[in-house]
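Residues in the sequence shown are numbered from 3 upward in steps of one, following our numbering.
What follows is one structure encoded as structure tokens, with my remarks underneath.
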Amino acid sequence: MNRTYLSVFTTQEAAQHGVSRRVLKRNNNINQHSQGLRFVGNPDVALIAEKICELTEDIVISHHTAAKVHGLRIPNYLEKKHEISVLKTHGKWSTKRQGVVGYRTKKLLDDETQPFGSAYITTVERTIFDLAQYLTPYQLIQVVDGAINSHAHGYYCFEAQTSIEKIRGLCLKHPGERGVKKLKLCLERARVGSDSAQETLLRLLLDDHGIHGLLLNHPVYSEDGELLFQSDLADERTKTSIQYEGEHHSEQLQVRRDIRRERRTEDAGWTEIRIMATDLYEEVFDADAQDWMPRAVSIVRRVLKAKS
3 MNRTYLSVFT TQEAAQHGVS RRVLKRNNNI NQHSQGLRFV GNPDVALIAE
53 KICELTEDIV ISHHTAAKVH GLRIPNYLEK KHEISVLKTH GKWSTKRQGV
103 VGYRTKKLLD DETQPFGSAY ITTVERTIFD LAQYLTPYQL IQVVDGAINS
153 HAHGYYCFEA QTSIEKIRGL CLKHPGERGV KKLKLCLERA RVGSDSAQET
203 LLRLLLDDHG IHGLLLNHPV YSEDGELLFQ SDLADERTKT SIQYEGEHHS
253 EQLQVRRDIR RERRTEDAGW TEIRIMATDL YEEVFDADAQ DWMPRAVSIV
303 RRVLKAKS
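The structure is reproduced here in structure tokens:
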């Protein structure tokens, strides 16, 4: 992240460099975010949040703004929010700053924040805890899945941001607070291995319709130890590989990769099911189940039944 302060500054900083408020008002390239805070262009939300913390005592960057900074898988409506969310650490919340959403908390422990430039931000665990106040269970599981995801094998490797144990440990320090019960229940359904929020949604939909025990990010190797393919979700018993096709799968290079993967899947004796976004949201009537369900669930049910 380019953390330059040329794009976000206070009127006090401008005055220290000989730039008056009158000059700031006349310059069409300089915009006002809120009282005492100016910006140029389209600065990163983290820079604005940090400056707001400098202007107001006893607040830390939190909730959806902290989630953006940490790169958590928050819903699109939160990604598009321009307001800066902050948490009041001491005393009453009295700031009425435009473009700032303030939250209060019963308790904020020292190990639940971390330095962020000249300000402080809630940790990944505390940020998830705060999001639990207003996210739906599905949305919350998507966030947790993203934070605990890691790859120790396959095409690329990376470490998780946190773990279920760490989040659960934070919950134990805040008994009875809003969102704790929901978060604990969601932790029971969170899994390592979902590479996108949509993959998590697909897994949850299948699980809620009786398709349990699927393996996440399951690698399949040849007898020589070569990685043939990696399933987003896999049923090893029936050798069924379920792949979620995001928007990037329409790119020409990715299309060729997907074709080669499908061929390797078939050569290994597996069946590949390809699911797209509309399959998650369009409901169809499943004649076998005599019920309405997401198209993705109906497709997977049909294939698994045929191979059982």
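Glycine included, C-beta positions come from ideal geometry on N, C-alpha and C.
Note that the structure is predicted; figures quoted are calculated from it, not measured.
Cutoff 7 Å; reference residue i; Cβ partners in own chain excluding five residues on either side
i, result
"E85", "G101, V102, V103"
"E264", "E274"
"S152", "F160, E161, A162, V194"
"N4", "In this prediction, N4 has a pLDDT of 44, which is less than 50 and means its spatial position is unreliable; what the coordinates show is noted afterwards. Cβ neighbours of N4 beyond the five flanking positions: none."
"H92", "D60"
"R266", "L230, F231"
"G271", "K241"
Contact set for residue i: own chain, Cβ-Cβ below 8 Å, skip 5 residues either direction
i, result
"I143", "C188, R191, A192, T202, L206"
"D290", "R303, R304, K307"
Whether residue i touches residue j by CB criterion (8 Å)
i, j, result
"T107", "A68", "no"
"I63", "V145", "no"
"T164", "A154", "no"
"H66", "K90", "no"
"L255", "L204", "no"
"L111", "K175", "yes"
"I32", "V47", "no"
"A17", "R40", "no"
"R23", "T13", "yes"
"H72", "T138", "no"
"M295", "H211", "yes"
"L172", "E127", "yes"
"P45", "S9", "yes"
"S310", "T240", "yes"
Beta-ladder partner(s) of residue i, from DSSP
i, result
"A236", "L217, S243"
"Q116", "I123"
"L39", "T12, S36"
"F231", "V222"
"F160", "H153"
Sequence-distant residues of the same chain with beta carbon closer than 6 Å to residue i, five excluded per side
i, result
"D147", "A192, S196, T202"
"Y246", "Q200, E201, L204, D234, I277"
"A236", "L217, H220, S243"
"L80", "H66"
"Y122", "V62, T115"
"S36", "R99, Q100, G101"
"R297", "D281, E284, V286"
"Y7", "Because the pLDDT of Y7 is 45, which lies under 50, any placement of that residue in the model is unreliable, and the question is left without a value."
"Q141", "P77"
Closer than 7 Å: residue i CB and nearest the ligand ADP heavy atom
i, result
"K109", "The ligand ADP is not among the ligands present in this structure, which contains no ligands whatsoever."
8 Å Cβ cutoff, residue i in contact with chain B
i, result
"D226", "Among the protein chains of the structure shown there is no chain B, as only one such chain exists."
Exercise. On the three-pair Cβ rule with 8 Å, is the segment 43-52 touching the segment 117-133?
Worked result: yes
Exercise. Are there three or more Cβ pairs, one per stretch, closer than 8 Å when the segment 165-183 is compared with the segment 227-241?
Worked result: no
Problem set entry | Ranges of the alpha helix (DSSP H) found wholly within the segment 42-112, counting only runs of at least 4 | 47-57, 65-72, 78-81
Exercise. Which parts of the segment 176-229 are runs of the beta strand (DSSP E), unbroken and 3 residues or longer, counting only runs that do not cross its ends?
Worked result: 217-223
For this session: Counting only runs of 4+ residues fully inside the segment 250-303, write out the alpha helix (DSSP H) ranges in chain order.
Result: 254-269, 279-283
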